[in-house]
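Heads up, the thing below is written out as structure tokens.
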Amino acid sequence: MKILNLFAGVGGNRKLWKGHQITAVEIEPKLCKVYARFNPEDTIICGDAMEYLKSNYHKFDMVWASPPCQSHSRMNYANKRATEENRCPMLLDCIKFLQTHFKGIFVVENVRPYYEFEILPSYIIGRHCFWSNKYIHFVPESYPVSGIFKECTLKGKRILQDKYDIHFDDKIYLSAHNPAQVMRNCVDPLIGQFILNQITNS
Ligand SMILES: C[S@@+](CC[C@H](N)C(=O)[O-])C[C@H]1O[C@@H](n2cnc3c(N)ncnc32)[C@H](O)[C@@H]1O
256 MKILNLFAGV GGNRKLWKGH QITAVEIEPK LCKVYARFNP EDTIICGDAM EYLKSNYHKF
316 DMVWASPPCQ SHSRMNYANK RATEENRCPM LLDCIKFLQT HFKGIFVVEN VRPYYEFEIL
376 PSYIIGRHCF WSNKYIHFVP ESYPVSGIFK ECTLKGKRIL QDKYDIHFDD KIYLSAHNPA
436 QVMRNCVDPL IGQFILNQIT NS
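Structural data, given as structure tokens:
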């Protein structure tokens with residue numbers, strides 16, 4: 256399949272995908288570099304994901320999108336870093352655009368928000384909500400999912416790097432309060448693999 260991997264980060268959801276032609280879009284140049292190191296065979300666009308999606312969606316069989324979740328997360332809401340005023344519109348824009356225009360399969364991933372869902376997710380796995388036009392048969396008892404990971408330290412970064420087997424030392428956000436941020440943003444590669452397998456095997 257030709258897959259468009261939007262808001263690609265370091266490529267957590269994509270890590271275990273094999274045999275597909277993948278184009279990734281990520282806005283942060285340092286993350287593009289790390290992603291390229293792990294996935295040299297992918298086409299990597301360092302730029303705005305929504306802009307790329309709107310001009311290129313018709314070239315792909317499947318779109319995966321993980322828009323930034325900081326302004327939706329329950330943890331940031333509790334810390335007062337997520338507010339009604341700073342809520343990022345990209346999640347809703349992305350779901351609505353794909354629902355309206357895209358003829359292939361789409362999966363939009365985000366964390367459980369602190370507010371009532373504006374569009375109900377198609378399914379929820381662990382801390383992730385998914386909006387999709389493809390049914391996934393998910394039996395919670397059969398699949399290891401972790402809950403919210405609260406460790407916001409260098410140690411937390413290392414724990415997640417070991418868990419996902421995604422290791423890098425590049426300093427991405429120099430002023431970030433949370434050294435584990437990039438890894439906390441990462442989708443568990445096993446979940447990315449599970450969903451793609453379900454889609455391709457059904
Ligand atoms: C939740 S993370 C994605 C994690 C990724 N799916 C993974 O599993 O590793 C969201 C990413 O979107 C990127 N981003 C934020 N705004 C963007 C934009 N307008 N266009 C492209 N990427 C963007 C951030 O730099 C961040 O890496």
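Be aware that the sequence shown starts at 256, since it is given in the numbering used here, and climbs by one per residue.
The beta-carbon is built from N, C-alpha and C at its ideal position, and this holds for glycine as well.
Output yes if chain D places a C-beta closer than 8 angstroms to the C-beta of residue i; else output no.
i      : result
Arg336 : This model lacks chain D altogether, as it is built from one protein chain only.
Any heavy atom of ligand 1 closer than 7 angstroms to the CB of residue i?
i      : result
Phe461 : With the chain represented from 256 up to 457, any question about residue 461 goes unanswered, as that position is not in the structure.
Pro434 : no
Met330 : no
Pro344 : no
Asp316 : no
Ile282 : yes
Leu286 : yes
Cys407 : no
Ala263 : yes
Val442 : yes
Cys349 : no
With C-beta atoms as the reference, is residue i less than 8 angstroms away from residue j?
i      : j      : result
Ile379 : Ile450 : no
Gly447 : Lys273 : no
Gly266 : Val280 : no
Trp386 : Ile360 : no
Asn260 : Trp319 : yes
Tyr369 : Ser328 : yes
Ile258 : Phe293 : no
Leu415 : Cys441 : yes
Ala304 : Ile282 : yes
Ile300 : Tyr290 : no
Leu347 : Ile374 : yes
Ser326 : Asn268 : no
Hey, could you find the ends of the beta strand (DSSP E) residue i is sitting in?
i      : result
Met317 : 317-320
Asn260 : 257-261
Thr298 : 298-301
Are there any heavy atoms of ligand 3 lying less than 7 angstroms away from the beta-carbon of residue i, as far as the coordinates show?
i      : result
Val289 : For ligand 3, the structure offers nothing, since it holds only ligand 1.
Closest to residue i by C-alpha separation, out of the options, would be which residue?
i      : options                        : result
Met317 : Cys384, Glu283, Tyr419, His275 : His275
Phe393 : Gln325, Ala333, Asn452, Met330 : Asn452
Arg439 : Met330, Met256, Lys288         : Met330
Can you tell me where the alpha helix (DSSP H) with residue i in it begins and where it stops?
i      : result
Thr278 : Here Thr278 belongs to no alpha helix (DSSP H); instead the beta strand (DSSP E) covers 276-281.
Thr205 : Limits of the chain in this structure are 256 at one end and 457 at the other, which puts residue 205 out of reach.
Cys287 : 284-293
Leu308 : 304-311
Ala333 : 329-333
Segments assigned alpha helix (DSSP H), at least 4 residues, entirely inside the region 347-435: Taking only runs of at least 4 residues, the alpha helix (DSSP H) segments lying wholly in the region 347-435 are 409-419.
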